[in-house]
Structures are given as C-alpha cells and as structure tokens.
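Read the structure below first, then the notes.
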Amino acid sequence: MNDMSALHSIAPSVTPSLEELDLARIRADFPILRQRVHGKPLVYLDNAASVQKPRAVIDTVSECYTGYYANIHRGVHLLSERSTAAYEGAREKVRAFLNAASVQEIIFTRGTTESINLVASSFGGQTVKAGDEILITGMEHHSNIVPWQLLCERTGAKLKVAPFTDAGELILEEYERLLDDGPVKLVAFVHLSNALGTLNPARQLIAMAHARGIPVLVDGAQSTPHLGVDVCELDCEFYAFSAHKIYGPSGVGVLYGKKALLDAMPPYQGGGDMISLVTFEKTEYADLPNKFEAGTPNIAGVIGLGAALDWVNAIGLERIAAHEQELLDYATARLNDIPGLNIMGAARDKAALAAFTLDGVHPHDIGTILDREGVAVRAGHHCAQPVMQHYGVPATARASFAVYNTRDEVDVLVAALWKVKEMFEL
Amino acid sequence: MNDLRDLYQEVILDHNKRPRNFRILPQPTHHANGVNPLCGDRISVYLDIEDGVIQDISFQGAGCAISSASASLMTEALKGKPVAEIEHLFDAFHDVVTTECECPKGLGKLSVLAGVRDYPSRVKCATLAWHAVRAALEERKEAVATE
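In order, the protein sequence lines correspond to chains A and B.
Numbering follows this note's numbering, in which position 395 of the first sequence is assigned residue number 395; successive positions increment by one, without gaps.
Each number in this note's numbering comes from the position in the second sequence (counting from 1) with 1000 added on.
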C-alpha cells in the first residue's frame, strides 16, 4: 500500500462535521452557555430533556412582542395581519421541514404530549372499539404510553407492547407477531428513544404495519433535532414533535397528520378559531388545520419555532447529526474506560445520548456531584419507567448532546465522573 | 469538593454502604411504602409498636445515598422512642434539612444530614423514609409519595 492510498482510506467520506471555528461561532449564538455554575463553566448535557435557545430564536420571540404582536386570524388591523402572516409562515416552514404535502397537515399543539393525546382522543375515540388493540414498544416515553392506556380504559381496547433486547433494539419478529395477533387498530412507536438512544427502523416498522392496513403514529420528540425527517418518505399517518427540543420555545408542538385522516377525525377541543359557524342548535367546524387549533395558540412560540427551523437549516441537519455522532462515539469510548460504569443501550443505530449507571453510586448522587462540577445531566427514570424495569434499575444518569457540545465538554464530564468515584471511595 | 463533603459526610457514606436495620420485620404492627417519583426511589418501612413505644423498626428499598443513609439513621434514632415523639422529631429534622436553623441537640446523628439544606432538589430524598413512617402510623395502604 503506498502513501496515497493510505491517505485515501482515512479521508472522511461522509458529510464534513463542524470545524472548530464553526463550533465556536455556533456556541456564541447561545447566550446561556457563557455562564458559570457553582464557579465552573457550564457544561450543558441535558439536551434530551430540553435544548438551549440560539439568539435568533430569542430575538424572534422578542421582536414579535415588541414589534407586531396581536391575536391572529380575523383581525382586520395591521398588527393582527402581521402576526397572522408570521404564524402561518411558521406553519409553512414546518411543512417544508417535514416535507409534508400541505400546510393543512400541520397542526400546532402544546408539545409532543398534546399531539399524541390529540390522536388518542380524536382518532382513537373514533376508530378504537372494545376488543381492539393498540401496539406500542417497550421503550416508549410515558407520553406515548399513558394516552393509549386512557384510551383503552375508555373503550375496552387492549394495549400491547413489543419487547426489545438488552442491547436496546426492538425485536422485529415479536413486533411482527404482535401485529398479526389480534385486531391492531394503531401502532405508535418512538423514533429515537430518550432513555436508550436507540434509533428505531421507522420506515420498516411502518411498512410492516401498512402491509396489514394498520395506521402508524411516530413519536418524533427526540428524532427531529438529530435527523432529517421526511414524512412522505416515512409514509406514517401521524408524526409528533416538540419545538423546545429543536432549539425552539417551550410550550409549542406539532402534529403532522395525513389530510384524509385529519379531515375525517372529529375535533379534539372545542372553542374559538376552530369553527366556521356556531348556533345553539349546531356548530360547523373550520377546515384544516384550524379545526384542531381551538383557542388562542402560543403565537410568539410558533413564530419562534419557525426561526429555530431556519437556524437549524442554515447549519444543516446532516452536519449537526455528524457532529453529535462524533461526540457520542468519543463519549462512549471515554465512558467505557471508567471501571464500574455501564452504558445502557448499545443499539447498532444509536444517536445523541449515553445513559449509564455507575456501580455503587445512585444516579441521583451522580447528578448532584456533576452539577457542582458545572456539568448538567439528567438523573432519573427519564419518564420511561418500563425501560428502567427492563434493566432492573430504578434510574440512570444520562448525558445527551446538541450541536453546541464539544469534545472538551465530554472530557469535563469524564473527569467529573472520576470525582464521583473519589467521593464515594470507589 | 469541600462543599460536596458537607453533603456527603463520612457518616452518610457509611450508612449508605452499610445500612442499619436493613431487613424486613417478620410481623410488623405497622408497615408502609414510600416512593420518590422524581428519581424512582422506593422504600418500605416496618415498625413493631407495643405500648406506644417503637420496639423495633427496619427498612428496605433502593435509593440514593441521601435517602438510604437518612432511612438508616432514622431507624437508629427511632428505635425505643415513644410513638408520641415521632412527629416532634420529624418536624425538627425537617427544619434541619430545609432551613438555616441551629441543629437541636435531641437529633443526635440525624444532624449530619443538615448539608441537604444547600441542595433543595435533594430534600425529598432525605425525608422519604420519614414520610413512609408517618404513612405507616396512619395505616395508609397506598404508597406515599414525596411530591
């Protein structure tokens, strides 16, 4: 092998990740990252819970309130027209981001949780009867478990759970068996697990359900900030995500739904803005998407989501994903060097986070000690108690990455974990 | 590291590693479960009360160093005490872990948990076992939560 071919074999073949200069520029976009906590530089690794906001989003929300805020729709004055245009402009940005066919398929909600509840209540209430079944997976967030349990309680339907392996991968044979075993009326699964980092084979799971005529909801709360989502290519019936996990404001979420289904579904909540005519005898509902947006929404928050998507697009989701993958690989290797540390979740397709336990120390104690070193991680059950039960632990500690995290920060995390061991005399 | 040592004192680490009275009483007169929904910690307490006095007390469960050590220290503090004194002790202990008060002398070793007052998110860990004891005395059937 000559020198040239050796060079070739190590040359990066995928999307170039973020150069140091870019990373410094990106970090400068986040005012909150400049602070110190307990006298140490903040190392924010709780991104799977919520990410920090870039200046562009903060300014967009602020400009809305200082420049042109008014209630949207039906206002004949200038400010209302401007707010309406910005709000509906954000809907178009979300449509383009998801590659949905129409803005009528984009419903704004309070978050992923409300998006799922909307489907469980409206679609579920309409379609699911006693004896029917809903299929989810064992690695769901509580927000993709409890709405279905409530639906099952109301209707007499049954909730079934597709199991996963100790590596954190869904068992496809079991999933297929459960699809065939009984009248499944809806499949709902998490795209990227917040407790394990597992990236589920969404396209394949959806195709398997569709082969049996079963509609699918995908919980995209964790996946949207880390990978490009194309709902046309996925072909799922519903896709739910939250603005606050993709650099946007909290209190805003999105439900994508196929138009034919949304059209046929009854409203979720009644109120203003979702009607076309109200008399005391009968009410006619507004067309999509307004039918599912009763009441005054989080106007500035939705507009802020639009700014967040612009910001993400300007960097490019592929570059963000490549950077985070590099961090995860580096973190995984460094964490595995710590004796007694066990990473939970070793799926072949994994993204953006490492959940772990440390022998002899409860995750809650890890979280407190790391905090004093400036490192923010999550310690607990991550709203996925069935996942904890699978591994027989009450909780884990979780470091989760965003575009602004660095290898140096991983080093700070690892050094802080050695301090945990020192403190506990391990 | 010094301020962390105020929280994770030697006594606490010792009780975490080797919890006292960590067992199930075969025939307790009182029993209850406590859960901390924040972190998923679960603790069960067992009491043997005769003539208004705690003859024996034990606990079991999985929790962080603070909740385990607090439960262990609590069992040591309560063994042999009249039931009537528990509420008073809990109040005093609660003050110690939540306020800047001077530690009352009667609390003995329990006062090593005073460092918790600088960590508001950990107060629930320190009081979980006490909430469970209170639930046991009130003979509540469902698990008591710290929330």
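Each residue gets a CB set at the ideal place from its N, CA and C atoms; glycine is no exception.
Give the straight-line distance between the Cα atoms of residue i and residue j, rounded to the nearest whole angstrom.
i	j	result
B/Glu1085	B/Gln1009	27 angstroms
A/Gly272	A/Asp310	30 angstroms
A/Ile72	A/Gly228	30 angstroms
A/Pro215	A/Glu425	53 angstroms
A/Arg110	B/Ile1024	46 angstroms
A/Glu293	A/Asp287	10 angstroms
A/Val254	A/Tyr391	32 angstroms
A/Ala346	A/His362	21 angstroms
A/Asp235	B/Pro1037	37 angstroms
B/Ser1072	B/Phe1022	7 angstroms
A/His8	A/Glu324	In this prediction, A/His8 scores a pLDDT of 41, lower than 50, which makes its location untrustworthy; no coordinate-derived value is stated.
A/Val94	A/Gly306	7 angstroms
A/Asn313	A/Trp148	34 angstroms
B/Gly1108	A/Leu328	47 angstroms
A/Asp365	A/Val393	15 angstroms
A/Ala28	A/Ala56	11 angstroms
A/Ala202	A/Tyr404	27 angstroms
A/Val76	A/Tyr87	16 angstroms
A/Thr357	A/Glu63	44 angstroms
A/Tyr65	A/Ile32	21 angstroms
B/Leu1137	B/His1030	6 angstroms
B/Val1083	B/Val1053	6 angstroms
B/Ile1043	B/Ser1067	9 angstroms
B/Glu1142	B/Ala1032	8 angstroms
Excluding the five sequence neighbours on either side, which residues of its own chain have a C-beta within less than 7 angstroms of the C-beta of residue i, listed in chain order?
i	result
A/Tyr256	Leu98, Ala100, Glu105, Ile106, Val231, Phe238, Tyr239
A/Asn448	With chain A covering 1 to 426 only, the question about residue 448 of chain A has no answer from this structure.
A/Pro41	Gly374
Going along chain A, which residues have a C-beta under 7 angstroms from residue i?
i	result
B/Cys1125	His364
B/Tyr1148	Outside the displayed range of chain B (1001 to 1147) lies residue 1148 of chain B, so it cannot be described from this structure.
Give the residues of chain B in contact with residue i, contact being defined as C-beta atoms less than 8 angstroms apart.
i	result
A/Gly138	By Cβ distance, chain B contributes nothing, its closest Cβ being about 17 angstroms from A/Gly138, past 8 angstroms.
A/Met388	Gly1040
A/Gln385	Gly1040
Chain A partners of residue i, CB-CB under 9 angstroms?
i	result
B/Asp1041	His362, His364, Pro394, Ala395
B/Gly1063	His362, His364, Pro394
B/Asp1003	His38, Arg372
What is the C-beta distance between residue i and residue j, in whole angstroms, given that I count them as a contact (C-beta under 8 angstroms)?
i	j	result
A/Glu176	A/Met208	6 angstroms
A/Gln126	A/Pro266	6 angstroms
B/Val1133	B/Val1097	At roughly 15 angstroms, the Cβ-Cβ gap does not stay under 8 angstroms, so B/Val1133 and B/Val1097 are not in contact.
B/Ala1069	B/His1015	4 angstroms
A/Gly168	A/His191	Contact flag wrong, Cβ pair sits at about 14 angstroms.
B/Asp1041	B/Cys1125	7 angstroms
B/Leu1013	B/Ala1065	7 angstroms
A/Phe401	A/Ala355	About 12 angstroms; that fails the 8 angstroms criterion.
Interface residues of chain B around residue i at Cβ under 9 angstroms?
i	result
A/Leu356	A small fix is needed here, since residue 356 of chain A is Phe in this sequence, not Leu. Correct list: empty, because the minimum Cβ distance to chain B is about 15 angstroms.
A/Glu425	Leu1013, Lys1017
With 8 angstroms set as the bound, which would you pick, yes or no: does the beta-carbon of residue i sit closer than that to a beta-carbon of chain D?
i	result
A/Gln149	Of the protein chains in the structure, A and B, none is chain D.
Taking residue i as the query, report the chain B residues whose CB atoms sit under 7 angstroms from its CB, ordered along the chain.
i	result
A/Thr66	Those within 7 angstroms of A/Thr66 in chain B number zero; the least Cβ separation is about 34 angstroms.
A/Arg36	Result: empty, since nearest Cβ-Cβ is about 15 angstroms, beyond 7 angstroms.
Against residue i, what residues of chain A qualify as contacts under a CB-to-CB distance less than 8 angstroms, listed in chain order?
i	result
B/Gly1106	Residues of chain A passing the Cβ test: none, with the nearest at roughly 28 angstroms.
B/Arg1122	His364, Thr368
Take residue i and list the residues in its own chain whose beta-carbon comes closer than 6 angstroms to its own, dropping the five residues that flank it on each side.
i	result
A/His381	Met388, Ala395
B/Gly1115	Asp1006, Leu1007
A/Gly156	Ala130
A/Gln269	Ala294
B/Pro1104	Ala1092
A/Ser122	Met265, Pro266, Tyr268
A/Leu217	Val119, Ala188, Phe238
Which residues in the same chain have their Cβ closer than 8 angstroms to the Cβ of residue i, if we skip the five residues on either side of it in sequence?
i	result
A/Asn2	Note that A/Asn2 scores a pLDDT of 42, beneath 50, so its modelled location is shaky and nothing firm can be said.
A/Gln385	His142
A/Ser51	Per the sequence shown, the amino acid found at residue 51 of chain A is Val instead of Ser. Result list for A/Val51: Pro225, His244, Lys245, Ile246, Tyr247, Ala402, in chain order.
A/Pro12	With a pLDDT of 44 at A/Pro12, under the threshold of 50, the predicted position of this residue should be treated as unreliable, and no value is reported.
A/Met4	With a pLDDT of only 40 at A/Met4, under the threshold of 50, the placement of this residue in the model should not be trusted, and no figure is reported.
A/Ile136	Asn144, Ile145, Trp148, Leu159, Lys160, Val161, Ala162, Val187, Ala188, Phe189
Using a threshold of 7 angstroms, is the CB atom of residue i nearer than that to any non-hydrogen atom of the ligand HEM?
i	result
B/Asn1016	No copy of the ligand HEM appears in this structure; indeed no ligand is present at all.
- Mind listing, in chain order, the continuous alpha helix (DSSP H) runs of no fewer than 4 residues lying wholly within the stretch 263-342 of chain A? 299-315, 317-336
- Entirely enclosed alpha helix (DSSP H) segments - the stretch 70-134 of chain A, minimum 4 residues: 78-98, 112-118, 124-127
- Task: With a floor of 4 residues, list each alpha helix (DSSP H) that falls wholly inside the stretch 140-196 of chain A, ordered by position along the chain.
- Result: 146-155, 172-180
- Item | Entirely enclosed alpha helix (DSSP H) segments - the stretch 191-228 of chain A, minimum 4 residues | 202-210
- Message: Could you tell me which whole beta strand (DSSP E) segments of length 3 or greater appear in the stretch 359-401 of chain A?
- Response: 378-380, 396-400
- Message: Quick check for students: name the residue ranges of the alpha helix (DSSP H) that lie wholly in the stretch 1080-1105 of chain B, counting only runs of 4 or more.
- Response: 1086-1098
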